[in-house]
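Just below is one structure, and these are the notes that go with it.
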């Protein structure tokens, strides 16, 4: 069991939670190396286990590497804690967010990339109550 301040979960449950989330996450450490990615059947940008340990810069198209680097540099310098952008991909709206991950002392320890298909969310109208 992994113990947290708010409870405890087994590694099996943690893995199941990550694969159930309606978005993809990738964690990049303070040295810009990919350490973890969530795996689900609906992953937007394909990842393979070969990406683990590689620098995140090698995982992006060359034309966007300088932007990724600027975000990471800003996180390290404390200039920003988040960065968000969205793109149209195969008629879907993809929302991509980067979050600086800080330890309890505020030191930068990595970056969390969250990618989500928000096409259906963007189309919501009115309201729907629980179990309607």
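Residue numbers (the numbering used here): 132 to 263.
C-beta atoms are modelled at their ideal positions from N, C-alpha and C, and glycine is treated no differently.
Computed from a predicted structure; not experimentally measured.
* Taking the Cβ atom as the reference point for each residue, do residue 120 and residue 204 lie within a distance shorter than 8 Å? -> Not covered by the structure: residue 120. The range shown for the chain is 132 to 263.
* Stretch pair the region 183-196 + the region 209-228: three plus CB contacts closer than 8 Å -> no
* Alpha carbon to alpha carbon, how far is residue 163 from residue 247? Give it in angstroms, no decimals. => 22 Å
* Bridge partner(s) assigned by DSSP for residue 244 -> 157 and 229
* Between the CA atoms of residue 259 and residue 146 - distance to the nearest angstrom -> 30 Å
* In terms of alpha-carbon separation, which member of 139, 211, 170 and 176 lies closest to residue 264? -> Because the chain spans 132 through 263 in this model, residue 264 falls outside it and cannot be assessed.
* With distances taken Cα to Cα, identify the nearest neighbour of residue 220 among 143, 236, 242 and 249. => 249
* Which one of 231, 223, 186 and 233 has the shortest CA to CA distance from residue 254? -> 223
* Hey, residue 161 and residue 237: beta-carbon distance below 8 Å or not? -> no
* So who's on the other strand from residue 219, going by DSSP bridges? -> 224
* Name the two residues that bound the continuous beta strand (DSSP E) containing residue 181. => Neither: residue 181 is in no beta strand (DSSP E) and is coded neither H nor E.
* Asked: Can you name the start and end residues of the alpha helix (DSSP H) that residue 200 belongs to?
  -> 193-208
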